[in-house]
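According to the UniProt record's numbering, the sequence shown is numbered sequentially starting from 1. Backbone N, C-alpha and C define an ideal beta-carbon position, used for all residues, glycine too.
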Amino acid sequence: LKMSNVSCPAHPDAELIEDHRAGDMICMECGLVVGDRIVDVSSEWRSFSNDSNSKDPSRVGSPENNLMTGGGLATSIAGGGSDESRSLSNLQKRQADQANLLFKQVQETKALKGKNNDAVASACLYIACRKDGVPRTFKEICAVSKLSKKESRFCGNLNLPQYVQTAATHIARAAVENDLVSGRSPVSIAAAAIYMASQASLEKRCAKDIGDVAGVAEVTIRQSYKLMLGSAAKLFPPDFKFTTPISELPAA
């Protein structure tokens, strides 16, 4: 069904993604449902196999999308705090599986051919979380999808150990969730989180070195860091081993 007359009122030029099962059109920019009860074309995918040896289209399998699996985007979003619940790992897998299924359907139908895979994957995960009743915003998913990749690359270039990278990812995600860094770019948030995590560890890195790797000004890192510092106690992972306590972290 062509929905050429449907657009997001806040982002009229943004791409829309269709949630076939719910029958919704969702803005990829802000997550607003801009069209609902669209004809569900997925019914033709149900278990109607023919006499040929072609694969049953209802069996779409489990696509390997590294944005969703292996501790990637789905884990970051579904994870939230490390003490949320005993069923957390099951929630992560269920949401990742749903998002992967939707991602594969989008790829197979070529509905968004040529579009950025990160954006499509984020939209798919948003829909999966929404169906599963997990309170994650579209803005948060997009922010974390960008942050996790940046932190991994930056920490590698800075020769930081895995535990510092893990802490930086946790700090950045918590800062976004708590709306501490509103209006800041993902690069500056990632850099500030790395600065905070490294300063609390044995592997300290100065803001200038992080800025050189991240391609962001030192003053920008310090500004984002200052926004986080007042809430540092709730940003670090619960199991982080502090070499430098929060009370002794740099003021900026």
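Does the beta-carbon distance from residue i to residue j come in below 8 Å?
{"i": "H170", "j": "P245", "result": "no"}
{"i": "A214", "j": "A193", "result": "no"}
{"i": "M228", "j": "V181", "result": "yes"}
{"i": "S231", "j": "N157", "result": "no"}
{"i": "V164", "j": "S201", "result": "yes"}
Tell me whether residue i is buried or exposed, calling it buried when 16 or more other Cβ atoms sit within 10 Å of its Cβ.
{"i": "Q199", "result": "buried"}
{"i": "G183", "result": "exposed"}
{"i": "T69", "result": "Because the pLDDT at T69 is just 45, under 50, the model does not fix this residue reliably, and the value given afterwards should be weighed accordingly. Classification for T69: buried."}
{"i": "N100", "result": "buried"}
{"i": "S247", "result": "exposed"}
{"i": "G114", "result": "exposed"}
{"i": "F242", "result": "exposed"}
{"i": "E64", "result": "Reliability fails at E64, whose pLDDT of 43 lies under 50, so the model's placement of it is uncertain and the value that follows must be treated cautiously. Exposed."}
{"i": "G211", "result": "buried"}
{"i": "A191", "result": "buried"}
{"i": "V216", "result": "buried"}
{"i": "A252", "result": "exposed"}
{"i": "A207", "result": "buried"}
Using CA atoms only, rank isn't needed, just tell me which of the options is closest to residue i.
{"i": "F154", "options": "L112, T109, I189", "result": "I189"}
{"i": "A174", "options": "K234, V216, D209", "result": "K234"}
{"i": "K104", "options": "C124, R222, A191", "result": "C124"}
{"i": "D97", "options": "K226, A111, A121, V164", "result": "A121"}
{"i": "A167", "options": "I221, E203, E218, V216", "result": "E203"}
{"i": "L160", "options": "V134, G133, R205", "result": "R205"}
{"i": "T197", "options": "T220, P250, V176", "result": "In the sequence on display, residue 197 carries Ala and not Thr. Checking every option, the nearest Cα to that of A197 belongs to P250."}
{"i": "A110", "options": "K131, Y195, S185, I17", "result": "A small correction: the amino acid at residue 110 is Lys; Ala does not occupy that position in the sequence shown. The shortest C-alpha separation from K110 is found at I17."}
Is residue i close to chain B, meaning its C-beta is less than 8 Å from at least one C-beta of that chain?
{"i": "K234", "result": "Checking the listed chains, one finds no chain B in this structure; it contains a single protein chain."}
List the whole-angstrom C-beta distance separating residue i from residue j, where the pair is believed to meet the contact cut-off of C-beta under 8 Å.
{"i": "Q162", "j": "A128", "result": "The Cβ separation is near 27 Å, so there is no contact."}
Minimum length 4: unbroken alpha helix (DSSP H) runs contained in the stretch 140 to 204
List check, alpha helix (DSSP H) in window: 162 to 177, 186 to 199.
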